[in-house]
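*Asks:* Could you have a look at this structure, given as structure tokens, before my questions?
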Amino acid sequence: MTQTIINFFSSFPPELATFLMGMTPIGEIRMALPVAILAYKLPIWEAFFWAVIGNMIPVTIILAFAKHFHLWIHKRAGWFASAWVKTLDRAQHKFAGDYQKYGLIGLAIFVGIPLPGTGAWTGAIAAFIFALPFGKSWLSIFIGVILSGLATLLLTLGAGKIF
């Protein structure tokens, strides 16, 4: 899967490819940074910049429009709307205790862990589920993206020296 995505982006200029890879929900910054540094040979600061900016664009869109999407689905989607609402309710009840305990710091740490299933997309959806204010959740997710980027950068530079 990752190789297919990398091949798709190989026809783009390295900066644009890094930016677009940062936007993908599967790879995010965890894929964009290593590819930019190891394959495209971009300078570290430039790779970091394009990957972070690319990762934050979908976050901004999700945070700005998730409520509108939710209302639209609820009004027009019939059985899908009820399934959607039940899924969100389950997620909210499942994570409510953890969120109340750790708040925005927990959101930043969750996004900052560079593992599958965590990341900016998931963090933005969690912020919507918990009805967090746009500015606070955006900043918390941004901090998490920076943390994830730094961890990925350290792993990338270590792997680059090994290979």
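All letters in the sequence shown, in the order written, are residues 79 to 241 by our numbering.
Cβ atoms here follow ideal geometry from the backbone N, Cα and C, with glycine treated the same way.
Being a predicted model, the structure only gives us computed values, none of them experimental.
#1: Identify which residue in Ala110, Tyr118, Met101 and Pro112 has its Cα closest to the Cα of proline 91.
#2: Where does tyrosine 118 fall in DSSP's three states?
#3: With a threshold of 7 Å on Cβ separation, who are the neighbours of phenylalanine 87 within its own chain once the five nearest residues in sequence on each side are excluded?
#4: Compare the C-alpha of serine 226 against each of Gly195, Ile219 and Ile191 and name the closest.
#5: If leucine 185 and serine 215 are in contact, beta carbons under 8 Å, what's the gap, nearest whole angstrom?
#6: So, do the segment 200-214 and the segment 140-157 have three or more beta carbon pairs nearer to each other than 8 Å?
#7: On the three-state DSSP scale, how would you describe isoleucine 207?
#8: Using CA atoms only, rank isn't needed, just tell me which of Ile183, Ile221, Pro136 and Lys153 is closest to glycine 105.
#9: Does the beta-carbon of glycine 213 have 16 or more other beta-carbons within 10 angstroms, so that it is buried, or is it exposed?
#10: Quick one: using the 10 Å Cβ neighbour count with 16 as the cut-off for buried, is threonine 234 buried or exposed?
#11: Just to confirm my understanding: we take isoleucine 56, look at its own chain, exclude 5 residues before and 5 after, and list those with CB closer than 8 Å. What are they?
#12: If you count every other CB in all the chains shown that lies within 10 Å of the CB of threonine 102, and 16 or more means buried, which is it?
#13: Hey, how far is the Cα of tryptophan 150 from the Cα of leucine 232?
#14: Going by DSSP in three states, threonine 196 sits in which element: helix, strand or coil?
#15: Using C-beta distances below 8 Å, list every residue in its chain close to threonine 230, excluding the 5 sequence neighbours before and after it, in chain order.
#16: Determine the extent of the alpha helix (DSSP H) in which proline 91 is found, giving its start and end residues.
*Replies:* Working from what's here:
#1: Tyr118
#2: coil
#3: Ala95, Leu98 and Met99
#4: Ile191
#5: 7 Å
#6: They touch, by the three-pair rule.
#7: helix
#8: Pro136
#9: exposed
#10: buried
#11: Any answer about residue 56 is impossible in this case: the structure gives the chain only from 79 up to 241.
#12: buried
#13: 42 Å
#14: In this structure, threonine 196 counts as coil in the three-state DSSP scheme.
#15: Only Ile107, Arg108, Leu111, Pro112 and Pro192 meet the Cβ criterion.
#16: Taken as a continuous stretch (DSSP letters only), proline 91 belongs to no alpha helix (DSSP H), as it is neither H nor E.
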